[in-house]
Amino acid sequence: MKCDPILYRAATPSLAVKPRLIRHMLLPPLIIALMIGLGYAGFCVSEHYGIRSLSENGQRQLELHARAVESEISKYTYLPSLLELETSVSTLLADPSPEHRQTVNDYLEGLNRRSRSRAIYVMDTTGRVVATSNWRDVDSYLGEDLSFRAYFQNAIRGQPGRFYGIGSTNGEPGYYLAHGLEEHGKIIGVAVVKIRLEALEERWQRARLEAFVSDENGIIILSSDPARRLKSVVPLSDETKEKLARSLQYYWFPLNELQPLARETLAEGVEKLTFPANSEVASDEEDISYLAQTRPLSDTPWNFTLLTPLQDLRREAINQGILVAVAFALVAFLLIAWNERRKVIATRLAAREALQEANNQLERRITERTTDLRASNERLKGQIRERRHAEETLRRAQDELVQAGKLAAIGQMSTSIAHELNQPLAALRTLSGNTVRFLERGQLDVASTNLNTINELIDRMGRITASLRSFARRGDDKGQASLGKAVDAALQLLSSRVESAHLQLHRDFKDVQVQIDQTRLEQILVNLIGNALDAMQAQPLPELWLEGDVFDGKYRLRVRDNGHGIDAEARKHLFEPFFTTKPGEQGLGLGLTLSASLAAATGGNLGVEHPVSGGTTFVLSLPLVSPTSAEPI
Ligand code: ADP
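Here the sequence shown stands for residues 46 to 678, numbered as in my numbering.
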C-alpha cells in the first residue's frame with residue numbers, strides 16, 4: 046500500500062517546535078505561580094475562618110471569665126457601706142478616743158477575717174486612717190494620711206470610690222472600694238475595703254488562660270502572665286505618666302508600654318496582636334500572634350481582655366494552604382496527563398482515520414482496477430474465443446490446404462507414377478506373352494521364373510499405389526510416428542526420381558518415435574526430399590544427407606542437399622504460400638508452407654540453413670515421444 050505523502054508531511058521544524066517549546070517552558074513557572082497563589086489564598090481563607098471560629102469561641106470564654114471577674118469584685122461592693130450602720134464607727138468618727146478606736150479596730154479585724162478581704166479601714170474627713178483591720182501589723186495604716194488617694198477624694202464627695210493601686214505603705218497591689226459614711230445627710234468619714242484579686246490570676250493560670258484586666262488608665266492590673274502586669278496597653282503621654290507617678294497609684298513601677306509588633310483590628314473589641322519573639326512575654330523564638338477580645342467590666346472603668354494564641358490556627362492554615370497547593374498540583378498534573386493522553390488518542394485517531402482513508406482509497410482503486418480487469422478479461426475471453434474460432438478456421442483451411450497440397454503433389458507426380466506403373470505393365474505384357482509361349486513349348490522352368498518376376502512386379506505396383514493412398518489420406522495432429530519408417534515411405538514414393546537421378550544418399554539418424562501423425566511426417570519428408578531432388582537436377586553427382594540429433598527434448602533431422610541453393614530474394618518468401626520458382630505446372634508453392642504448419646501443429650518447427658559449402662539444409666525439429674528410447678538404425 047502506498048502512503049499518501051500529504052498525510053505524513055512534517056511541518057517546518059522551526060514553526061512546529063517553537064510554540065510547543067514556549068508552552069513547555071512557560072507551563073512549569075505558571076503552575077508553580079498558581080500553586081503559590083492558590084496555596085496563599087487557601088492559607089488566607091483558612092486563617093479567616095479559623096479566626097472567626099476562634100473569635101466565636103473566644104466570645105463565650107470572654108463572657109464567662111469577665112462575669113467571673115465582675116462577680117469577684119461585686120462581692121465586696123456592699124462591704125464599705127455596711128460600716129455606715131455600725132454605731133461604733135460613727136462614734137469613733139465623732140470622738141476619736143483610743144477606746145473607741147480599739148473597738149472599731151477589733152470590729153474591722155473580725156469583719157476583714159470573715160470577708161476574706163485584704164484590709165478594711167476607716168478614714169476621717171481629712172483622709173487620716175482612724176481605724177484599720179491590720180492595726181496589729183507593723184506596716185499598719187493606722188494614722189496614715191491617704192487624702193491624696195483618688196478613692197478617698199471621690200468618696201468624700203459622696204461618689205463611689207473605685208481604685209486600683211499599689212499600697213504606698215507596703216507596695217502591695219490591691220483594689221480599693223471606698224464609701225463616704227453619712228450621718229444626718231453629712232459625710233463624716235470614709236470606709237475603705239482593700240481586696241486582692243490575685244486569686245483570679247491563679248485561676249486563669251490553672252486554666253491555661255491568657256487574659257488580663259486593664260484599668261481606666263490602660264494599665265494592666267491583673268494578668269495571667271506576670272510579665273505583662275503594670276504595663277500600659279495604650280500609649281501614655283509624658284504628662285499622664287507624670288501625673289500617675291505623682292499619684293503613686295502604681296507605686297514606683299515604670300509603666301512601660303506593652304508594645305505589640307503588629308496590631309490589626311478585626312472587629313469591635315477584637316484585635317490581632319503579634320508580639321516579638323525576643324520579647325519578655327515570648328517563650329520561644331517565634332513571633333506570637335494572639336486574638337485579643339476585650340470587653341468592659343460592669344461597675345468598673347476596667348476592661349477584660351482575653352488572649353487566644355493563633356499559632357495552632359496559623360499552623361493549621363499553613364497546612365491547609367499547602368494542602369490546597371498540593372491538590373492544585375495534583376489536579377494540574379492530572380489535567381496535563383489527561384491532555385497528553387487526549388493528544389495521543391487524537392493522534393492515534395487521526396492516524397487511524399488516515400489509514401482508513403488510505404485503505405478506502407486503495408479499496409476504491411482495487412474495485413476500479415478489478416472492474417477494469419474484469420472488462421479486459423471479458424475482452425480477452427472474447428478475443429480468445431475469436432482466436433480459437435480463427436484457429437479452428439485456419440486449421441480447417443490448413444487441412445484443406447494439406448489435402449490440396451497432397452493432391453497437387455500427386456498431380457505433379459502423376460507423370461512419374463504413370464511411368465512407374467507403365468514400365469512394369471509393359472514388362473508384365475512381355476513376360477506374360479513369353480510365359481504362354483514357354484508353357485506351349487513345355488519349358489516350365491522358364492515359365493515359372495517369368496511368373497515369379499510377374500509377381501514381384503505386381504507387388505511393386507501394389508506398394509506404389511499403397512503409398513499414394515496413404516499419402517492422400519487425411520491426417521491428424523496427434524499420434525506418433527517412426528522416423529525410420531517415414532523416411533523409407535517417402536523414399537519409396539520418390540523412388541523412381543531417386544533412381545533416375547542416381548542420388549547418393551547418406552543416412553545418419555536414429556529411428557526415434559516422434560509426436561506427429563505418421564502420414565504427416567511422410568508428407569513433410571516427401572516435400573523436403575522432392576524439393577532437394579528438384580534443386581539437384583543440374584547436379585551431376587547429386588548427394589542427399591539425412592542427419593539426426595537430439596536437441597532440447599526434440600529430435601532434429603537435417604535434410605541437406607548439394608543443389609543450386611536459394612538466392613537472397615527467394616529466402617525472404619520461402620515459407621509464404623504459393624511461392625515457387627519452379628516453372629509451369631511443376632511448382633505449386635505449398636510444400637514448405639504446409640510442412641512448416643504441420644510441424645508447428647505438433648509443437649515442432651521447420652527451419653532452413655544455407656551452408657557456405659553450397660546447397661540447402663532444411664532442419665525439421667519434432668518432439669520426441671520418449672527421448673531415452675532413441676534407437677540407432
Ligand atoms: P514448390 O516446390 O511447389 O515450388 P515449395 O513450397 O515446396 O513449392 O518450394 C518453394 C520454393 O522453394 C521452390 O520453388 C524453390 O525455389 C525453393 N526450394 C525449396 N526447396 C529447395 C531446395 N532444397 N533447394 C533450392 N531451392 C528450394
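Positions of the beta carbon are idealized from the N, C-alpha and C atoms, including for glycine. These numbers come from a predicted model, not from an experiment.
Proximity winner among the options, relative to residue i (alpha-carbon distances)
| i | options | result |
| --- | --- | --- |
| Y123 | P73, V237, D579 | V237 |
| L637 | S162, E313, G652 | G652 |
| T171 | F596, V543, G234, L71 | G234 |
| T310 | L191, S178, L528, A337 | A337 |
| G230 | G219, E217, R202 | R202 |
| L452 | G659, G632, K530, I81 | G632 |
| Q448 | L380, R565, H69, Q356 | R565 |
| F663 | Y600, L573, L368, V670 | L573 |
| L570 | I77, A531, E445 | A531 |
| W590 | A396, I264, H551, D332 | H551 |
| L130 | T647, G225, F373, I81 | G225 |
| A244 | V595, A113, I264 | A113 |
| V315 | L502, T132, E154, R97 | R97 |
| K555 | T510, Q563, R601, G524 | R601 |
| P469 | M506, E437, I265 | M506 |
| L548 | F298, G427, Q204, N607 | N607 |
| R605 | H655, A646, K288, K617 | H655 |
Cα-Cα separation, residue i to residue j
| i | j | result |
| --- | --- | --- |
| A535 | N495 | 30 Å |
| N102 | G188 | 50 Å |
| V657 | N576 | 19 Å |
| S162 | I240 | 5 Å |
| L281 | G366 | 40 Å |
| P125 | F197 | 12 Å |
| G95 | R340 | 21 Å |
| F620 | A641 | 8 Å |
| N404 | F88 | 58 Å |
| R68 | V369 | 24 Å |
| T416 | R386 | 44 Å |
| G649 | I561 | 9 Å |
| A382 | E302 | 58 Å |
| A399 | A391 | 12 Å |
| S334 | V278 | 16 Å |
| K627 | A615 | 12 Å |
| E144 | P218 | 31 Å |
| S142 | M168 | 14 Å |
| G659 | V491 | 51 Å |
| A377 | R409 | 46 Å |
| Q250 | R360 | 24 Å |
| R482 | A471 | 17 Å |
| R181 | D190 | 18 Å |
Contact set for residue i: own chain, Cβ-Cβ below 8 Å, skip 5 residues either direction
| i | result |
| --- | --- |
| A24 | The requested residue 24 is not part of the displayed model; the chain covers only 46 to 678. |
| P346 | R207, D260, E261 |
| R65 | none |
| A252 | none |
| L293 | F193, G210, I211, S213 |
| T57 | Model confidence at T57 stands at a pLDDT of 47, short of 50, so the residue's coordinates are unreliable; what they give is reported in the following sentence. Closer than 8 Å at the Cβ level, and outside the excluded window around T57, lies no residue. |
| K388 | none |
Distance cut-off 6 Å: residue i Cβ against heavy atoms of the ligand MN
| i | result |
| --- | --- |
| A583 | Among the ligands present in this structure, namely the ligand ADP, the ligand MN is not found. |
Sequence-distant residues of the same chain with beta carbon closer than 6 Å to residue i, five excluded per side
| i | result |
| --- | --- |
| E307 | Glu is not the amino acid found at residue 307; the sequence shown has Ala there. Once the five neighbours on either side are set aside, the close Cβ partners of A307 are T319. |
| E115 | L342, S343 |
| E92 | A362 |
| T148 | S133 |
Beta-carbon contacts of residue i that lie in its chain and below 7 Å, excluding the five residues immediately before and after
| i | result |
| --- | --- |
| P25 | The question about residue 25 has no answer, for the chain in this structure spans 46 to 678. |
| I499 | L473, L476, S477 |
| G3 | Because the chain spans 46 through 678 in this model, residue 3 falls outside it and cannot be assessed. |
| L351 | G103, Q106, L107, H110, A256, Q338 |
| R146 | L137, V175, A176 |
| S671 | Q558 |
| I429 | none |
Rounded Cβ spacing between residue i and residue j (contact assumed at less than 8 Å)
| i | j | result |
| --- | --- | --- |
| G610 | D553 | The Cβ separation is near 21 Å, so there is no contact. |
| L109 | F349 | Rounded, the Cβ-Cβ distance is 10 Å, inconsistent with contact. |
| E246 | L275 | Actually they do not touch by this definition, with Cβ atoms about 13 Å apart. |
| V175 | L127 | Between L127 and V175 the Cβ distance is about 17 Å, and since that is not below 8 Å, they are no contact. |
| A164 | A200 | About 16 Å separates the two Cβ atoms, so there is no contact after all. |
Notebook entry, point to check: Fully enclosed by the stretch 138–226, which alpha helix (DSSP H) runs are 4 residues long or longer?
Noted result: 143–160, 195–201
Check: Considering only residues of the stretch 307–362, which uninterrupted beta strand (DSSP E) runs meet the minimum length of 3 residues and lie entirely inside it, listed in chain order?
Finding: Segments of the beta strand (DSSP E) lying fully in the stretch 307–362: 307–312, 315–320, 333–341, 348–354.
Checklist line | alpha helix (DSSP H) runs wholly inside the stretch 237–304, at least 4 long, in chain order | finding: 243–251, 283–292
Notebook entry, point to check: Residue ranges of each beta strand (DSSP E) run of no fewer than 3 residues wholly in the stretch 553–638, ordered along the chain?
Noted result: With a minimum length of 3 residues, the continuous beta strand (DSSP E) runs that stay inside the stretch 553–638 are 588–596, 599–606.
Note to self: As an exercise, report each continuous alpha helix (DSSP H) stretch of at least 4 residues that is fully enclosed by the stretch 466–498, in chain order.
What the structure shows: none
Notebook entry, point to check: In chain order, which continuous runs of the alpha helix (DSSP H) of length 4 or greater are located wholly inside the stretch 58–134?
Noted result: 58–119, 124–127
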